[in-house]
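Scroll down for the structure; my scribbles are underneath it.
Residue numbers (the working numbering): 993 to 1283.
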(Lines of atoms letter the chains of each structure in order from A and count residues from 1; the text may use other names and numbers.)
(Lines give C-alpha, C1' and ligand atoms only; values in the text may rest on other atoms or scores of the structure.)
Protein backbone atom coordinates (compact mmCIF):
# COMPACT_ATOMS: atom_id res chain seq x y z
CA UNK A 1 0.00 0.00 0.00
CA UNK A 2 1.47 3.40 -0.97
CA UNK A 3 2.66 5.44 1.99
CA UNK A 4 0.15 8.01 3.30
CA UNK A 5 -2.92 6.37 1.76
CA UNK A 6 -5.62 4.82 3.87
CA UNK A 7 -7.52 1.68 2.89
CA UNK A 8 -10.91 2.30 1.38
CA UNK A 9 -13.79 1.24 3.62
CA UNK A 10 -15.78 -1.75 2.54
CA UNK A 11 -18.87 -0.84 0.58
CA UNK A 12 -22.03 -0.48 2.61
CA UNK A 13 -24.28 0.08 -0.37
CA UNK A 14 -26.19 -3.12 0.29
CA UNK A 15 -26.67 -2.50 4.02
CA UNK A 16 -30.13 -1.04 4.70
CA UNK A 17 -30.08 2.21 6.65
CA UNK A 18 -32.79 2.46 9.27
CA UNK A 19 -34.82 5.65 9.33
CA UNK A 20 -35.94 6.85 12.77
CA UNK A 21 -39.31 5.30 13.56
CA UNK A 22 -39.33 3.11 10.42
CA UNK A 23 -39.10 -0.68 10.59
CA UNK A 24 -36.50 -2.24 8.30
CA UNK A 25 -38.24 -5.62 8.28
CA UNK A 26 -41.75 -6.87 8.97
CA UNK A 27 -42.56 -7.93 12.52
CA UNK A 28 -44.03 -11.33 13.32
CA UNK A 29 -47.77 -10.99 14.05
CA UNK A 30 -47.32 -11.71 17.77
CA UNK A 31 -44.68 -9.00 18.21
CA UNK A 32 -46.61 -6.58 16.03
CA UNK A 33 -49.64 -7.08 18.27
CA UNK A 34 -47.50 -6.40 21.37
CA UNK A 35 -46.31 -3.13 19.85
CA UNK A 36 -49.85 -2.12 18.92
CA UNK A 37 -51.13 -2.89 22.42
CA UNK A 38 -48.36 -0.84 24.02
CA UNK A 39 -49.37 2.13 21.88
CA UNK A 40 -52.97 1.76 23.00
CA UNK A 41 -51.90 1.66 26.65
CA UNK A 42 -49.60 4.69 26.53
CA UNK A 43 -52.27 6.88 28.17
CA UNK A 44 -54.60 6.54 31.14
CA UNK A 45 -58.12 5.20 30.42
CA UNK A 46 -59.77 8.59 31.02
CA UNK A 47 -57.22 10.27 28.77
CA UNK A 48 -57.84 7.72 26.01
CA UNK A 49 -61.59 8.34 26.26
CA UNK A 50 -61.03 12.10 25.97
CA UNK A 51 -58.69 11.61 23.00
CA UNK A 52 -61.26 9.40 21.28
CA UNK A 53 -63.89 12.15 21.61
CA UNK A 54 -61.41 14.75 20.36
CA UNK A 55 -60.64 12.58 17.36
CA UNK A 56 -64.34 12.32 16.51
CA UNK A 57 -64.59 16.12 16.54
CA UNK A 58 -61.60 16.43 14.22
CA UNK A 59 -62.83 13.66 11.91
CA UNK A 60 -66.27 15.29 11.60
CA UNK A 61 -64.66 18.64 10.83
CA UNK A 62 -62.52 17.04 8.10
CA UNK A 63 -65.59 15.44 6.51
CA UNK A 64 -67.36 18.81 6.46
CA UNK A 65 -64.34 20.47 4.87
CA UNK A 66 -63.68 17.70 2.36
CA UNK A 67 -60.27 16.95 3.89
CA UNK A 68 -58.55 13.71 4.84
CA UNK A 69 -58.42 13.00 8.57
CA UNK A 70 -56.12 9.96 8.53
CA UNK A 71 -53.44 10.58 7.63
CA UNK A 72 -53.88 14.32 8.11
CA UNK A 73 -51.40 16.85 6.84
CA UNK A 74 -49.87 19.47 9.16
CA UNK A 75 -51.78 22.13 7.19
CA UNK A 76 -55.07 20.35 7.91
CA UNK A 77 -54.40 20.15 11.67
CA UNK A 78 -53.27 23.79 11.78
CA UNK A 79 -56.36 24.88 9.84
CA UNK A 80 -58.58 22.90 12.25
CA UNK A 81 -57.02 24.74 15.21
CA UNK A 82 -57.50 28.17 13.66
CA UNK A 83 -61.00 27.45 12.37
CA UNK A 84 -62.19 26.34 15.82
CA UNK A 85 -60.45 29.07 17.81
CA UNK A 86 -63.53 31.30 18.00
CA UNK A 87 -65.62 28.83 20.03
CA UNK A 88 -62.96 26.70 21.73
CA UNK A 89 -60.44 27.64 24.40
CA UNK A 90 -56.75 27.26 23.71
CA UNK A 91 -56.57 24.53 26.36
CA UNK A 92 -59.34 22.61 24.61
CA UNK A 93 -57.64 22.92 21.24
CA UNK A 94 -54.32 21.81 22.71
CA UNK A 95 -56.02 18.70 24.06
CA UNK A 96 -57.73 18.07 20.71
CA UNK A 97 -54.36 18.20 18.96
CA UNK A 98 -53.18 15.68 21.53
CA UNK A 99 -56.08 13.43 20.51
CA UNK A 100 -55.21 13.79 16.82
CA UNK A 101 -51.58 12.98 17.59
CA UNK A 102 -52.62 9.95 19.66
CA UNK A 103 -54.76 8.60 16.81
CA UNK A 104 -51.88 8.93 14.34
CA UNK A 105 -49.43 7.23 16.73
CA UNK A 106 -51.89 4.39 17.17
CA UNK A 107 -52.96 3.89 13.57
CA UNK A 108 -49.85 4.99 11.66
CA UNK A 109 -46.87 4.53 13.97
CA UNK A 110 -44.32 4.42 11.14
CA UNK A 111 -45.38 7.68 9.50
CA UNK A 112 -44.49 11.25 10.48
CA UNK A 113 -46.95 12.64 13.02
CA UNK A 114 -48.50 15.84 11.59
CA UNK A 115 -49.09 17.27 15.07
CA UNK A 116 -45.34 17.57 15.67
CA UNK A 117 -44.97 19.96 12.78
CA UNK A 118 -43.95 23.55 13.40
CA UNK A 119 -47.06 24.83 11.60
CA UNK A 120 -49.33 23.18 14.17
CA UNK A 121 -47.29 24.60 17.05
CA UNK A 122 -47.49 28.07 15.49
CA UNK A 123 -51.27 27.78 15.09
CA UNK A 124 -51.69 26.85 18.77
CA UNK A 125 -49.39 29.68 19.82
CA UNK A 126 -51.41 32.14 17.74
CA UNK A 127 -54.64 31.02 19.41
CA UNK A 128 -53.10 31.35 22.87
CA UNK A 129 -51.95 34.89 22.11
CA UNK A 130 -55.34 35.84 20.72
CA UNK A 131 -57.50 34.28 23.40
CA UNK A 132 -55.17 34.71 26.39
CA UNK A 133 -57.35 32.38 28.47
CA UNK A 134 -57.00 33.19 32.16
CA UNK A 135 -56.05 30.19 34.27
CA UNK A 136 -59.07 29.11 36.30
CA UNK A 137 -58.20 27.77 39.71
CA UNK A 138 -60.55 26.70 42.44
CA UNK A 139 -60.69 29.08 45.37
CA UNK A 140 -59.25 27.48 48.54
CA UNK A 141 -61.72 26.34 51.19
CA UNK A 142 -60.01 27.62 54.33
CA UNK A 143 -60.44 26.20 57.87
CA UNK A 144 -62.57 29.14 59.05
CA UNK A 145 -65.09 28.46 56.28
CA UNK A 146 -65.02 24.71 56.91
CA UNK A 147 -65.77 25.32 60.59
CA UNK A 148 -68.86 27.36 59.71
CA UNK A 149 -70.01 24.76 57.20
CA UNK A 150 -69.76 21.73 59.50
CA UNK A 151 -71.42 23.69 62.32
CA UNK A 152 -74.44 24.52 60.16
CA UNK A 153 -77.51 22.44 61.00
CA UNK A 154 -78.20 21.67 57.33
CA UNK A 155 -74.82 19.99 56.80
CA UNK A 156 -75.37 16.24 56.79
CA UNK A 157 -72.91 13.78 58.40
CA UNK A 158 -71.93 12.56 54.94
CA UNK A 159 -71.17 16.05 53.63
CA UNK A 160 -69.24 17.01 56.75
CA UNK A 161 -67.11 13.85 56.55
CA UNK A 162 -66.54 14.29 52.82
CA UNK A 163 -65.40 17.90 53.14
CA UNK A 164 -63.15 17.31 56.14
CA UNK A 165 -61.57 14.12 54.76
CA UNK A 166 -60.94 15.80 51.40
CA UNK A 167 -59.35 18.78 53.17
CA UNK A 168 -57.24 16.87 55.70
CA UNK A 169 -56.05 14.37 53.08
CA UNK A 170 -55.48 17.01 50.38
CA UNK A 171 -57.48 14.76 48.07
CA UNK A 172 -58.31 15.43 44.46
CA UNK A 173 -62.01 15.30 43.68
CA UNK A 174 -61.52 12.07 41.72
CA UNK A 175 -59.82 10.50 44.74
CA UNK A 176 -62.70 11.50 47.02
CA UNK A 177 -65.23 9.94 44.66
CA UNK A 178 -63.20 6.74 44.25
CA UNK A 179 -62.97 5.90 47.98
CA UNK A 180 -64.71 2.67 48.92
CA UNK A 181 -65.68 1.05 52.19
CA UNK A 182 -64.06 -1.00 53.65
CA UNK A 183 -61.30 -1.58 51.06
CA UNK A 184 -59.78 1.89 51.17
CA UNK A 185 -60.03 2.82 54.86
CA UNK A 186 -57.85 1.51 57.69
CA UNK A 187 -57.38 2.56 61.29
CA UNK A 188 -53.89 3.89 62.06
CA UNK A 189 -53.21 2.90 65.69
CA UNK A 190 -55.60 5.46 67.11
CA UNK A 191 -53.79 8.33 65.41
CA UNK A 192 -56.17 8.59 62.48
CA UNK A 193 -56.98 6.65 59.34
CA UNK A 194 -55.14 5.56 56.20
CA UNK A 195 -56.86 5.98 52.84
CA UNK A 196 -55.81 3.88 49.85
CA UNK A 197 -55.73 6.16 46.84
CA UNK A 198 -54.27 3.73 44.32
CA UNK A 199 -53.04 0.17 43.90
CA UNK A 200 -54.52 -3.29 43.69
CA UNK A 201 -57.75 -3.72 45.64
CA UNK A 202 -58.72 -7.24 44.63
CA UNK A 203 -58.12 -9.68 41.78
CA UNK A 204 -59.99 -7.63 39.22
CA UNK A 205 -59.58 -4.02 40.29
CA UNK A 206 -56.65 -1.61 40.34
CA UNK A 207 -57.18 1.97 41.47
CA UNK A 208 -55.24 4.71 39.70
CA UNK A 209 -54.94 8.43 40.31
CA UNK A 210 -53.76 11.33 38.21
CA UNK A 211 -50.18 10.81 39.36
CA UNK A 212 -50.15 7.00 39.75
CA UNK A 213 -51.25 5.70 36.37
CA UNK A 214 -49.13 2.54 36.62
CA UNK A 215 -51.17 1.31 39.58
CA UNK A 216 -48.56 1.49 42.35
CA UNK A 217 -50.02 1.37 45.86
CA UNK A 218 -50.36 4.74 47.62
CA UNK A 219 -51.84 5.26 51.08
CA UNK A 220 -52.65 8.73 52.43
CA UNK A 221 -52.60 9.38 56.18
CA UNK A 222 -55.38 11.49 57.71
CA UNK A 223 -54.64 12.43 61.31
CA UNK A 224 -57.28 12.77 63.99
CA UNK A 225 -57.65 16.15 65.73
CA UNK A 226 -59.35 15.23 69.01
CA UNK A 227 -61.63 17.90 70.43
CA UNK A 228 -61.64 19.98 67.23
CA UNK A 229 -64.79 20.72 65.22
CA UNK A 230 -62.63 19.99 62.18
CA UNK A 231 -61.60 16.48 63.26
CA UNK A 232 -61.88 14.48 60.01
CA UNK A 233 -61.67 11.09 61.71
CA UNK A 234 -64.53 11.87 64.14
CA UNK A 235 -66.62 13.11 61.22
CA UNK A 236 -65.84 9.95 59.25
CA UNK A 237 -66.90 7.77 62.17
CA UNK A 238 -70.18 9.66 62.54
CA UNK A 239 -70.87 9.13 58.86
CA UNK A 240 -69.84 5.47 59.13
CA UNK A 241 -72.35 4.92 61.93
CA UNK A 242 -75.11 6.30 59.71
CA UNK A 243 -73.91 4.67 56.50
CA UNK A 244 -73.49 1.17 57.89
CA UNK A 245 -70.95 -1.50 56.98
CA UNK A 246 -72.22 -2.46 53.52
CA UNK A 247 -69.30 -2.61 51.05
CA UNK A 248 -69.37 0.04 48.36
CA UNK A 249 -68.56 3.69 47.67
CA UNK A 250 -67.67 5.54 50.86
CA UNK A 251 -69.52 8.72 49.91
CA UNK A 252 -71.36 7.68 46.74
CA UNK A 253 -71.16 11.00 44.90
CA UNK A 254 -70.60 11.94 41.28
CA UNK A 255 -68.41 14.81 40.15
CA UNK A 256 -71.45 17.04 39.71
CA UNK A 257 -72.82 16.09 43.14
CA UNK A 258 -69.49 16.85 44.79
CA UNK A 259 -69.48 20.31 43.22
CA UNK A 260 -73.05 20.91 44.39
CA UNK A 261 -72.19 19.87 47.96
CA UNK A 262 -69.39 22.45 48.08
CA UNK A 263 -71.41 25.25 46.50
CA UNK A 264 -74.58 24.70 48.56
CA UNK A 265 -72.58 24.52 51.77
CA UNK A 266 -70.97 27.88 51.03
CA UNK A 267 -74.26 29.47 49.98
CA UNK A 268 -75.82 28.39 53.30
CA UNK A 269 -73.21 30.36 55.26
CA UNK A 270 -73.56 33.43 53.05
CA UNK A 271 -70.46 32.99 50.88
CA UNK A 272 -70.53 33.32 47.08
CA UNK A 273 -69.73 29.88 45.67
CA UNK A 274 -68.81 31.03 42.16
CA UNK A 275 -65.07 30.33 42.42
CA UNK A 276 -65.33 27.16 44.50
CA UNK A 277 -65.45 23.56 43.29
CA UNK A 278 -64.74 19.99 44.32
CA UNK A 279 -61.04 20.85 44.21
CA UNK A 280 -61.35 23.64 46.81
CA UNK A 281 -60.61 21.40 49.80
CA UNK A 282 -57.26 20.32 48.37
CA UNK A 283 -56.54 23.93 47.40
CA UNK A 284 -57.35 25.00 50.97
CA UNK A 285 -54.97 22.43 52.45
CA UNK A 286 -52.14 23.52 50.14
CA UNK A 287 -52.81 27.20 50.88
CA UNK A 288 -52.62 26.61 54.63
CA UNK A 289 -49.44 24.58 54.19
CA UNK A 290 -47.77 27.49 52.43
CA UNK A 291 -49.02 30.15 54.85
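Every residue gets a Cβ at the ideal spot worked out from N, C-alpha and C, and that includes glycine.
Classified as buried, residue 1274 has 16 or more neighbouring CB atoms from the shown chains inside 10 Å of its CB. Taking a cut-off of 8 Å on C-beta distances, the region 1232-1243 does not touch the region 1102-1112, as fewer than three cross pairs fall below it. For the region 1093-1156, the continuous alpha helix (DSSP H) assignments of 4+ residues that do not extend past its boundaries occur at 1110-1123, 1135-1143, in sequence order. Contact between residue 1216 and residue 1183 holds: CB atoms are separated by about 6 Å, below the 8 Å threshold.
The C-beta of residue 1267 has fewer than 16 other C-beta atoms within 10 Å across all chains shown, which makes the residue exposed. Looking at the DSSP output, residue 1177 shares a beta bridge with 1187. Nearest to residue 1117 by alpha-carbon distance, out of 1089, 1224, 1253, is 1089. Between residue 1245 and residue 1269 the beta-carbon gap is near 13 Å, outside 8 Å, which marks them as no contact. Residue 1222 sits away from residue 1119, with the two beta carbons spaced by 9 Å or more. In this structure, residue 1226 keeps its C-beta atom at 9 Å or more from the C-beta atom of residue 1155.
With a beta-carbon spacing of about 5 Å, residue 1130 and residue 1272 fall inside the 8 Å limit used to define contacts. Residue 1270 carries a coil assignment under DSSP once its states are collapsed to helix, strand and coil.
Rounded to the nearest whole angstrom, the CA to CA distance from residue 1056 to residue 1115 is 20 Å. Look at residue 1091 here: in three-state DSSP terms it is helix. Here residue 1061 carries a coil assignment [DSSP, helix/strand/coil].
Cβ neighbours of residue 1133 within its own chain (closer than 6 Å, five residues either side excluded): 1272, 1273, 1276. Here DSSP, grouped into helix, strand and coil, assigns residue 1240 to strand. In this structure, the beta-carbon distance from residue 1152 to residue 1094 does not fall below 9 Å. Counting only residues of its own chain and dropping the five nearest sequence neighbours on each side, residue 1069 has a CB closer than 7 Å to the CB of 1089, 1092, 1106, 1107, 1112. Ranked by Cα distance from residue 1096, the first of 1062, 1081, 1135, 1066 is 1062. Per the DSSP secondary-structure output, residue 1211 pairs in a beta bridge with 1188.
In this structure, the CA atom of residue 1038 is about 21 Å from the CA atom of residue 1176. By the 16-neighbour rule on beta-carbons within 10 angstroms, residue 1188 is buried. Within the same chain, 1106 come within 7 Å of residue 1065 by CB-CB distance, once the 5 residues on both sides are set aside. Between the alpha carbons of residue 1081 and residue 1046 lies a gap of roughly 14 Å.
Counting only the Cα atoms, residue 1212 lies some 15 Å from residue 1174.
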